[in-house]
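Heads up, the thing below is written out as structure tokens.
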Amino acid sequence: MSKNSTNGKTLKFVSLFSGCGGFDLGLTGKGFRPLQAYDQCADAVSHYRRNVCSRAERADLTQFSPQVSITPDLVIAGPPCQGFSTAGKRDFADKRNHLLPLAGRLAAALQPKVIVIENVAAAASGAHRKYWEELEGILRIERYRTHTLKANAAELGLPQTRRRLLLFAWRTGREVDFQLAPKMQGRLDLTLSGVETLPDHEPELLSPNSRDYQIACRIGPGQKLSNVRGGPRSIHTWNIPEVFGTASAAECAMLEFIMRARRQERRRDFGDADPVSLATLKTEFHNQAWPLARSLLGKGYLRRVGDHFDLCHSFNGKYRRFQWDDKACTVDTRFGEAQLFLHPNEHRPFTFREAARIQGFPDEYVFDCSKRTAFRLIGNAVPPPMGAMVADFTKELLGR
Ligand SMILES: C[S@@+](CC[C@H](N)C(=O)[O-])C[C@H]1O[C@@H](n2cnc3c(N)ncnc32)[C@H](O)[C@@H]1O
0 MSKNSTNGKT LKFVSLFSGC GGFDLGLTGK GFRPLQAYDQ CADAVSHYRR
50 NVCSRAERAD LTQFSPQVSI TPDLVIAGPP CQGFSTAGKR DFADKRNHLL
100 PLAGRLAAAL QPKVIVIENV AAAASGAHRK YWEELEGILR IERYRTHTLK
150 ANAAELGLPQ TRRRLLLFAW RTGREVDFQL APKMQGRLDL TLSGVETLPD
200 HEPELLSPNS RDYQIACRIG PGQKLSNVRG GPRSIHTWNI PEVFGTASAA
250 ECAMLEFIMR ARRQERRRDF GDADPVSLAT LKTEFHNQAW PLARSLLGKG
300 YLRRVGDHFD LCHSFNGKYR RFQWDDKACT VDTRFGEAQL FLHPNEHRPF
350 TFREAARIQG FPDEYVFDCS KRTAFRLIGN AVPPPMGAMV ADFTKELLGR
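First residue of the sequence shown: 0, per numbering that gives the first Met the number 0; consecutive thereafter.
Below you can see the structure in the form of structure tokens.
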């Protein structure tokens with residue numbers, strides 16, 4: 000029996016919302032064979048055809064119901080996560096949210112023994128949980144048993160925090176203990192070792208005359224630019240006067256005070272901080288409160304919110320510089336932007352080849368497109384090692 004078949008029969012799958020095939024590569028590496036893959040994006044389909052299998056078709060799955068001549072063992076789906084993700088607006092009414100239950104309907108119509116649908120962890124939290132429950136309901140009506148597995152790419156040995164939900168649905172009558180085998184924590188230095196020898200690894204150093212370079216020079220490994228968090232991991236805009244303008248010691252003290260007070264004195268029941276009143280500033284700075292606040296308003300470090308004051312640049316973190324001996328945060332479609340993520344010891348963003356390695360793509364995967372498109376395809380993908388984990392659990396569910 001060949002290594003790529005189990006009990007003499009190759010396991011076959013259909014892939015919905017297949018993207019460039021990250022999920023699918025994990026399955027093919029474990030001996031599964033794609034019957035057909037569907038995605039509406041031309042770049043995704045061309046990359047799937049080139050790197051995974053020629054059986055990929057461009058289709059808008061809201062308008063088209065896949066049909067295959069052989070009943071697949073497995074259907075996988077990775078519908079869009081933008082309406083659920085905490086990295087976006089989390090718009091409950093985002094039209095793409097309906098693609099999650101649609102994926103369940105389309106998968107069940109193909110009558111496989113196993114279905115696995117992937118999405119971000121936030122897809123099952125808050126009001127958005129309605130879509131996840133609708134998906135589970137559709138599959139249960141079709142007599143599938145379901146289990147939601149919470150997985151993090153970091154637990155699979157990748158140097159990246161990437162929390163995802165995988166809904167397993169099966170009609171095999173089997174029980175599976177969905178436990179992940181412990182793996183060594185991934186590290187960027189080990190994963191990126193030798194990447195500089197690859198022909199399409201083209202690092203773009205920041206220009207020494209640029210604002211990004213001046214900021215990057217001040218951000219050390221493990222640090223980020225953040226005005227709203229304290230501690231050694233946060234560099235504040237007022238620590239970089241050559242870019243953001245000078246602030247006196249007393250003004251810096253007021254900015255640090257506001258940074259703490261805005262999170263301690265809560266008035267609203269949303270967000271994690273509130274603007275601070277002049278009365279609060281007076282408890283610390285007495286008759287200097289207003290002159291200092293006025294000066295900081297003029298310098299662009301403070302802004303008025305009604306009759307209160309808040310910090311400018313109140314994002315949680317930008318220009319995050321990762322550490323060689325640690326992992327990165329989630330590789331998303333913006334992973335190549337220096338304003339968000341910095342290489343551990345060079346003043347530059349990551350290359351798409353580095354992003355692909357951190358996602359677990361093989362170096363042989365060819366990206367025949369613009370860098371921007373490569374980052375989109377890579378950031379949207381299920382890491383192939385997560386696909387491999389799905390393959391292992393599916394084999395157990397099928398008794399192979
Ligand atoms: C999260 S990505 C899937 C990534 C894929 N699972 C992988 O591992 O590479 C979501 C995909 O859904 C596709 N998509 C969005 N709306 C679609 C639609 N209406 N019909 C078909 N595909 C769609 C996007 O083009 C995108 O490739």
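Just so you know, even glycine gets a beta-carbon here, dropped at the ideal spot from N, CA and C.
- With respect to the 8 Å criterion, leucine 99 and tyrosine 143 are not classified as neighbours on the basis of their beta carbons.
- The Cβ atoms of glycine 82 and asparagine 96 lie closer than 8 Å to each other.
- Around the beta carbon of tryptophan 289, a 10 Å sphere encloses fewer than 16 other beta carbons of the protein chains shown; the residue is thus reported as exposed.
- If you ignore the 5 residues before and after histidine 307, its C-beta comes within less than 7 Å of the C-beta of Pro274, Val275, Ser276, all in its own chain and listed in chain order.
- When C-beta atoms of the region 155 to 172 are compared with those of the region 192 to 199, fewer than three pairs fall below 8 Å, so the two segments do not count as touching.
- Relative to ligand 1, valine 381 has its C-beta within less than 7 Å of a heavy atom.
- Threonine 190 counts as buried, since at least 16 other C-beta atoms from the protein chains shown sit within 10 angstroms of its C-beta.
- With a threshold of 7 Å, the Cβ atom of cysteine 80 counts as near ligand 1, since some heavy atom of the ligand is closer than that.
- Taken through DSSP and simplified to helix, strand or coil, glutamine 159 comes out as strand.
- Following the DSSP letters along the chain, one finds valine 51 in no alpha helix (DSSP H), marked with neither H nor E.
- With a cutoff of 7 Å, aspartate 38 counts as near ligand 1, since its C-beta is closer than that to a heavy atom of the ligand.
- Residue pairing for tryptophan 323: DSSP places it in no beta bridge.
- Around the C-beta of lysine 8, fewer than 16 other C-beta atoms lie within 10 Å, and the residue is accordingly described as exposed.
- By the neighbour-count criterion, in which 16 or more other beta carbons inside 10 Å mark a residue as buried, lysine 94 falls on the exposed side.
- Distance between alanine 260 and histidine 235, taken at the CA atoms: about 16 Å.
- Around the beta carbon of histidine 342, 16 or more other beta carbons sit within 10 angstroms, so the residue counts as buried.
- Checking the 7 Å criterion, the Cβ of aspartate 306 is out of range of every heavy atom belonging to ligand 1.
- Taking 8 Å as the cut-off, the Cβ atoms of glycine 185 and leucine 157 count as close.
- Taking non-hydrogen atoms of ligand 1 into account, the C-beta of glycine 221 is found less than 7 Å away from none of them.
- Threonine 171 and serine 233 have their C-alpha atoms spaced approximately 51 Å apart.
- Counting C-beta atoms within 10 angstroms of its own C-beta, proline 181 has fewer than 16 neighbours from the protein chains shown and is therefore classed as exposed.
- Of the candidates Arg371, Pro33, Pro348, Asp23, Pro348 places its Cα closest to the Cα of cysteine 216.
- The count of Cβ pairs closer than 8 Å, one atom from the region 57 to 64 and one from the region 353 to 365, stays below three, leaving the stretches out of contact.
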